[in-house]
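Colleague:
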Amino acid sequence: MRSSNPSLGEDTFKGLRAEGGTVMTIQGTVNKTLILFLLMCATAAFTWTQYFAGKDIQALMWIGFGGGFVVALITIFVKTTAAYTAPLYALLEGLALGGLSAMYESMYAGITTQAILLTFGTLFSLLFAYKTRLIKVTENFKLGIFAATGAVFFVYVADFILRFFGMQVPFIHETGLLGIVISVVIVAIAALNLVLDFDFIEQGAQQQAPKYMEWYGAFGLMITLVWLYLEILRLLSKIRSNK
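Numbering (our numbering), first residue to last: 1157 to 1399.
(1) Could you check what DSSP says for residue 1243 in three-state terms: helix, strand or coil?
(2) Let me check understanding here. Comparing Cα to Cα, which of 1197, 1379, 1357, 1365 lies closest to residue 1293?
(3) Determine the burial state of residue 1320: buried for a count of at least 16 other Cβ atoms within 10 Å of its Cβ, exposed for fewer.
(4) Taking the alpha carbon of residue 1245 as the point to measure from, which residue in 1192, 1273, 1180 has its own alpha carbon closest?
(5) Using a 10 Å radius around the Cβ and a threshold of 16 neighbouring Cβ atoms, would you call residue 1243 buried or exposed?
(6) What distance in whole Å lies between the Cβ atoms of residue 1345 and residue 1308, which are believed to be in contact at a cut-off of 8 Å?
(7) Please state whether DSSP places residue 1382 in a helix, a strand or coil.
(8) Could you tell me whether the Cβ atoms of residue 1384 and residue 1347 are closer together than 8 Å?
(9) Would you grab the beta carbon distance between residue 1377 and residue 1355 for me? Rounded to a whole angstrom, and I think it's under 8 Å.
(10) For the candidate residues 1370, 1395, 1382, whose alpha-carbon lies nearest to that of residue 1240?
(11) Please confirm if the segment 1208–1222 is in contact with the segment 1244–1261, defined as three or more CB-CB distances below 8 Å between the two stretches.
(12) Could you check where the alpha helix (DSSP H) with residue 1358 kicks off and where it finishes?
(13) Could you name each continuous alpha helix (DSSP H) segment of 4 residues or more that falls completely within the segment 1197–1262, going from the start of the chain to the end?
(14) Can you have a look at residue 1305 and say buried or exposed, based on whether 16 or more other CB atoms are within 10 angstroms of its CB?
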């Protein structure tokens, strides 16, 4: 098995054994994903309201993004902590996403609602396609998405480094036709990662992984959903700017 989601790697369930008869289930993972989503919404609502109340939320956003990154690394490398770190990750990411979403909303009215609806529309559409086997998760499919995601990650890292020298990777931030096409491609790659996440969580349940892996599986799915939402938000802003 392989997933391009960094939290759901090839060896995620390797060597894990359930104790006491409690094992990972798909329904349990779904329930925990819902919990993480609600936690994220709570802190997102806080920074959202703070922004529109005229408060400075830059520090909260930095805490959200930076803290979320650190907690994510801890979760990935110490999976047994997932029951505690996954909720913390959701709370921290909510701080960042709420502030960022508010900034986009102040520039383009209604864009946040559109991005949320498109994100969940994509989630449920791909879940349906996966469950009905309209999309088959073959090894070639996994390798293709893995390679494409790696390429996107490399471009983003290169762009981050270049910005320290007053430069940036061409086209990815532009609002013209090519910039929009690039964003569409990245959104598609992020969306297809959801299919790999569904498959990986299903495999984990079949292998009877420990119960705490439900939190880990939910955490991995949230990472992809956050990425997809951010990319859709960027795409919609480019389209709005181009009008």
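Beta carbons: idealized from backbone N, C-alpha and C, even for Gly.
Modeller: In short, the structure shows the following:
(1) Looking up residue 1243 in the sequence shown gives position 87. Here residue 1243 sits in helix by DSSP.
(2) Position 137 of the sequence shown, counted from the start, is the residue given in the question as residue 1293. Comparing alpha carbon positions, the residue from 1197, 1379, 1357, 1365 closest to residue 1293 is 1357.
(3) Reading the sequence shown from its first residue, position 164 is the one you call residue 1320. Exposed: under 16 other Cβ atoms inside 10 Å.
(4) The sequence position of residue 1245 within the sequence shown is 89, counting from 1. It is 1192.
(5) One-based indexing of the sequence shown puts residue 1243 at position 87. Result: buried.
(6) For the purposes of this step, residue 1308 is taken as residue 152 along the sequence shown, with counting starting at 1. For the purposes of this step, residue 1345 is taken as residue 189 along the sequence shown, with counting starting at 1. About 6 Å separates the beta carbon of residue 1308 from that of residue 1345, a gap short enough to meet the 8 Å contact definition.
(7) Along the sequence shown, one-based indexing puts residue 1382 at 226. Looking at residue 1382 - three-state DSSP - the assignment turns out to be helix.
(8) The residue given as residue 1384 occupies position 228 in the sequence shown. The residue given as residue 1347 occupies position 191 in the sequence shown. For residue 1384 and residue 1347, yes; Cβs fall inside 8 Å.
(9) To locate residue 1377, count along the sequence shown from 1; it is residue 221. To locate residue 1355, count along the sequence shown from 1; it is residue 199. Rounded to whole angstroms, the Cβ separation of residue 1377 and residue 1355 is 12 Å, and the two are not in contact under 8 Å.
(10) As a position in the sequence shown, residue 1240 is number 84, starting the count at 1. Comparing Cα positions, the closest option is 1370.
(11) Under the three-pair Cβ rule at 8 Å, the segment 1208–1222 counts as touching the segment 1244–1261.
(12) For this step, residue 1358 is matched to residue 202 along the sequence shown. Note, residue 1358: alpha helix (DSSP H), 1333–1362.
(13) Within the segment 1197–1262, the complete alpha helix (DSSP H) runs of at least 4 residues fall at 1214–1233.
(14) Here residue 1305 refers to the residue found at position 149 when the sequence shown is read from its first residue. Counting Cβ neighbours within 10 Å, residue 1305 comes out buried, since at least 16 surround it.
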